[in-house]
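Read through the structure below, which is laid out as structure tokens, and then see the notes.
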Amino acid sequence: MRVEISYKFIVGFLVVVVSGVIVNLAVPYLQIPPEFQQFFSVACALVVGLIIGAVFSRAFAANIRRLTSVGDQISQGNLSETIQLKEGRFPDETSDLAKSMNHIQESLRALVGDIRGIAFKVAGSAQNLSSTSQEVSASAQEVAHTVNQINRGAETQAEMVEKSKRIFNDVARSINQVATAASKVAESAHQTVDTARSGSELAGASLDSIRQVLAEAQSSSQQMFNFIGQLQRISKFVEVINGVAQKTNLLALNATIEAARAGEYGRGFTVVAEEIRKLADSTTISANEITALVEGIRTEGHLVQSSMGQVIEEMEIGREAVDRTNHAFSQITQNAEVTRSKATNIAELTAQQISSAEQITRAIDEIDKVVSDNAAATEQVSATTQKQSASMEGLALSAQNLSTMSESMLQIVKRFKLVKEE
Amino acid sequence: MTLTLLFTLGEDIYGLEISAIQEIVEDPPLYYVPRAEGALVGAINFHSQVLAVIDLSALLGFPGEKRDHRWVVLTPQFKSLVLTVGSIHRIVNLDLSELQSSPSSAGVKVVRGVANLDEMTINLLDTNEVIELLNNQSI
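The following block contains the structure:
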């Protein structure tokens, strides 16, 4: 049964008054000296009053202290203590207060819990944000690094393109020189062909002359051979004549001997035989002279024949040499023809190469432009990434601030104890 | 005047009276006589007669192997011997009255004497002595 405090006080007061009355009424019957009767009744009234007062105040004070201590704890941030009042037989306004404070505490707990949760989440988000921004920043730095590399690459590319251009100009010059040289070679080869042809013609003409002379020399040699043959026939005739002369000589000798044997009659015949012998002797002498002459002529003829043979051999060698020369000239002509056609091919090819080189030069120029554009683009990218980096730094700073703020919020909220600590 | 055949033996000119000569033959087929010695060269067939061939140079001890292809056939009075000489020259007329004795002919009997003709010195052979020499050498 709910009894308000004021009623409780009234009841207490009434109990004290009633007890004083009752004691006053009961005192005469208690054989207490009269002088002490007043004192006793007062004392009893005081005792009753003190007891009731003590009981009441103790009950009140206990609840109030509990409330106060809980209030203090709340003010300290401890929201874990729930107010448990002693369940009296007669609850009063303190119970209401305790209920209200418990409500407040619950509301605060929920609030602080929410705040803490949110602060946690914020801190987490801030950290995420911070790490994300750091990652972004790192990425941005990497991008910047990469862009730098690209930039450097673009510079190298530009240098390479420049170098390529220079080299290619050299190459184009070389190709031009090659083309000029090839034309000269073709011209020289043409001249060589002409020269070799005229040389070949000359060699052919001299070959013809040599052939004619050779044929003449051969026929002369043959004539000389025939002549020597005739000489040999003469020698044979002379031998015959010689033999006849010797026979005549012998006949003359024997005729002389026979005539001598005939004595006086043979004397005339001896003279004839002597004349015949003389004729035979002079015939022999003449024949010997002819033989000597023929021998001389034959020796000379042999010499002429052998020198003719040498001349023929040398002319044969000369003919072969001229033949080889002619052959060499024709080979030179062929080779020069080949050289000329090759040189012409080279000239044509180099002309194609020149046009290709021009195309390549144009391509290199385009590459140069593209490289320049790339460089500009990478410059822009670099600037953008720098801006991005700056923004990211700002973002990171904000995230840091947010983190700090959520941290301090947590710190603030941490004062509130939500759960009873064991 | 005597007709004399002149020929050489070695380096010298010799003469032989043609009264001792039967004929001069040229290159007749020569038959070699087995185991012939000294100056005997061989034998020839002369008009169906077999005649001994004597190398006069070898017989008289002249050096040199020169031998004329014409050989001298002596008359039957001189055993029909055939003589080979160095080289037969010709037949000349010699005046035998002007014959001089050879300075070295004291021991050499085969040379009858020396005659001069056209600045030639001719040693005239003694045919009988030659035959004698052959006989002495018992060929």
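Protein chains in written order, with my numbering: chain A, 1411 to 1832; chain B, 2 to 140. By construction, the Cβ of each residue, glycine as well, lies at the ideal position given by its N, Cα and C atoms. Values in this document were obtained by computation on a predicted structure and should not be read as measured data.
Leaving out the 5 sequence neighbours to the left and right, which residues in its chain are closer than 7 Å to residue i when beta-carbon positions are compared?
| i | result |
| --- | --- |
| B:Q138 | G39 |
| B:G114 | L100, Q101, S102, S103, L125 |
| B:S106 | Caution is warranted here: a pLDDT of 49 is assigned to B:S106, below 50, making its placement in the model unreliable, and no coordinate value can be reported. |
| A:V1648 | A1697, I1700, T1701, V1704 |
| B:S88 | F8, T9, K67, D69 |
| A:V1571 | I1774, I1777, D1778, V1781 |
Among the options, whose alpha-carbon lies nearest the alpha-carbon of residue i?
| i | options | result |
| --- | --- | --- |
| A:A1757 | A:Q1790, A:S1584, A:E1414, A:V1823 | A:S1584 |
| A:K1827 | A:A1436, A:V1425, A:R1519 | A:R1519 |
| A:A1606 | A:N1736, A:V1571, A:S1535, A:G1711 | A:N1736 |
| A:Q1810 | A:Q1483, A:T1542, A:F1449 | A:T1542 |
| B:I14 | B:E133, B:D96, B:S58, B:S98 | B:S58 |
| A:V1829 | A:S1490, A:I1722, A:G1459 | A:S1490 |
| A:M1411 | A:N1755, A:A1613, A:F1500 | A:F1500 |
| B:I132 | B:S81, B:N94, B:I92, B:D119 | B:S81 |
| A:R1729 | A:L1641, A:A1613, A:G1804 | A:A1613 |
| B:V34 | B:L52, B:A116, B:D119 | B:L52 |
| A:V1748 | A:A1672, A:H1600, A:S1765, A:G1609 | A:H1600 |
| A:N1745 | A:R1562, A:V1581, A:Q1483, A:T1602 | A:T1602 |
| A:E1789 | A:Q1559, A:V1452, A:Y1417 | A:Q1559 |
| A:G1639 | A:Q1628, A:V1557, A:G1711 | A:G1711 |
| A:G1804 | A:S1451, A:L1539, A:K1418 | A:L1539 |
Could you check whether the Cβ of residue i sits closer than 7 Å to any heavy atom belonging to the ligand PLP?
| i | result |
| --- | --- |
| B:L52 | No copy of the ligand PLP appears in this structure; indeed no ligand is present at all. |
May I have the straight-line CA-CA distance separating residue i from residue j, to the nearest angstrom?
| i | j | result |
| --- | --- | --- |
| B:V73 | B:L84 | 5 Å |
| A:S1549 | A:Q1769 | 41 Å |
| A:E1817 | A:K1824 | 10 Å |
| B:G11 | B:D69 | 12 Å |
| A:Q1486 | A:S1479 | 10 Å |
| A:E1684 | A:T1666 | 7 Å |
| A:N1434 | A:R1475 | 37 Å |
| A:K1752 | A:R1734 | 26 Å |
| B:F79 | B:D96 | 23 Å |
| A:D1778 | A:I1742 | 50 Å |
| A:M1725 | A:L1624 | 7 Å |
| A:V1682 | A:E1674 | 14 Å |
| A:L1424 | A:E1445 | 26 Å |
| A:I1415 | A:D1502 | 6 Å |
| A:A1662 | B:L134 | 31 Å |
| B:I22 | A:L1660 | 14 Å |
| A:Q1544 | A:Q1537 | 10 Å |
Helix, strand or coil: which one does DSSP assign to residue i?
| i | result |
| --- | --- |
| A:R1671 | helix |
| B:L143 | With chain B covering only 2 through 140, there is no way to say anything about residue 143 of chain B. |
| B:D13 | strand |
| B:T76 | coil |
| A:T1814 | helix |
| B:E24 | strand |
| B:V51 | strand |
| A:A1665 | helix |
| A:T1492 | coil |
| B:Y32 | strand |
| B:F8 | strand |
| B:A107 | Since pLDDT at B:A107 reaches only 49, below the 50 mark, its modelled position is unreliable, and no value is offered. |
| B:I45 | strand |
| A:R1750 | helix |
| A:T1759 | The sequence given here places Leu at residue 1759 of chain A; Thr does not occur at that position. The answer is helix: DSSP assigns A:L1759 an H, G or I state. |
So what does residue i bridge to, in DSSP terms?
| i | result |
| --- | --- |
| A:S1808 | Answer by DSSP bridge pairing: none, since A:S1808 is not bridged. |
| B:I123 | B:I14, B:A116 |
| B:V83 | B:V54, B:V74 |
| B:I92 | B:L6 |
| A:K1827 | A:N1488 |
| B:Q101 | B:V115 |
Ignore the nearest five residues each way along the sequence and tell me which others in residue i's own chain have a CB closer than 8 Å to its CB.
| i | result |
| --- | --- |
| A:E1565 | A1785 |
| A:S1799 | S1547, A1550, Q1551, A1554 |
| A:S1631 | Q1715, M1718, G1719, I1722 |
| A:G1676 | E1668, A1669, A1670 |
Please work out which residues of its chain come closer than 6 Å, Cβ to Cβ, to residue i, disregarding the five sequence neighbours upstream and downstream, and give them in chain order.
| i | result |
| --- | --- |
| A:V1458 | V1426, S1429 |
| B:D56 | A40, V42, T85 |
| B:R71 | I25, E27, I89 |
Please identify, using Cβ separations under 7 Å, the residues of the stretch 45 to 70 of chain B that lie next to chain C, in order along the chain. Absent here is chain C; the protein component of the structure consists of chains A and B.
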